[in-house]
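Report on the following structure.
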């Protein structure tokens, strides 16, 4: 079926939106959340600020689109590993986030603002946390079954998993020299894993290292 004028116009609009989202991602990476103004993004794509607002009427709307694009990339990355959100992939995403402080800062500022009633990003974050909890529960169930070693169900532990990830981001943004975000997240995964077998008073000190998924390697 040949494409209509409406189809071509819609494609051009979608392409332009994608170009703006990419430019905004670059500006955030370079200048941080506060420096990522609509004017800066508009200049990057050769538009006036008024022209950009035809696609994204507010800065919040543009930043939500950037975060949605990030989520799509992250989910595609997880899918490449053959199943949804294995804990190894979650740990790798935390490592990757440590390389993009501008995006993490935009996320953190927006999620804090979104708790106010009527905020334009509120629906996005409600939906996002719902699927993050669902994905976390799925990952934990694949790793540990219907009960974690400590007795929690995957659903209850998934809420903690999301809280630790976002809480670490805040601490890391405030003091990146003091907080090693990827290492601290792996420490949390280690707390979820079963304790090492009792081998004597020095067992804990001599226990093998924990993998990014929280599993300890089997003895040979």
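In the numbering used here, the protein residues as written are 1023 to 1242.
Just so it is clear, CB atoms sit at the ideal spot from N, CA and C, and this is done for glycine as well.
When the alpha-carbon of residue 1173 is set against those of 1056, 1217, 1109, the nearest one is in 1217. Residue burial is scored here from C-beta neighbours: residue 1153 has fewer than 16 other C-beta atoms within 10 angstroms and is therefore classed as exposed. Burial of residue 1112 is indicated by the presence of at least 16 other C-beta atoms within 10 angstroms of its C-beta.
Between residue 1064 and residue 1071, the C-beta gap is smaller than 7 Å, which places the two residues in contact. The Cβ neighbour count for residue 1191, taken over all protein chains shown within 10 Å, is at least 16; the residue is labelled buried. In this structure, DSSP gives residue 1085 a helical state, which the three-state scheme calls helix. Residue state for residue 1186 is assigned as helix, using DSSP reduced to three classes. In this structure, residue 1132 lies away from residue 1120, with their beta-carbon atoms at least 7 Å apart. Distance from residue 1125 to residue 1026 at the Cβ level is roughly 37 Å; contact not present, criterion being Cβ atoms closer than 8 Å. DSSP, read as helix, strand or coil, puts residue 1093 in helix. For a cut-off of 8 Å, the C-beta gap from residue 1184 to residue 1158 is around 6 Å, short enough to register as a contact. Boundaries of the alpha helix (DSSP H) around residue 1165: 1144–1166. Going by DSSP, residue 1129 is part of the alpha helix (DSSP H) stretching over 1123–1135.
Straight across, the Cα-Cα distance linking residue 1170 with residue 1214 is about 7 Å.
Counting of Cβ neighbours within 10 angstroms places residue 1137 among the exposed residues, the total staying below 16. The residues 1046, 1078, in chain order, have a CB closer than 6 Å to that of residue 1084 in the same chain once the five nearest residues on each side in sequence are set aside.
Proximity to residue 1091 across 1108, 1041, 1068, 1066 peaks at 1041, based on C-alpha coordinates.
In the DSSP annotation of this structure, the continuous segment of the alpha helix (DSSP H) that includes residue 1204 starts and ends at 1203–1214. Just measuring C-alpha positions, the residue of 1210, 1209, 1086 sitting nearest residue 1147 is 1086. The Cβ atoms of residue 1161 and residue 1204 lie no closer than 7 Å to each other.
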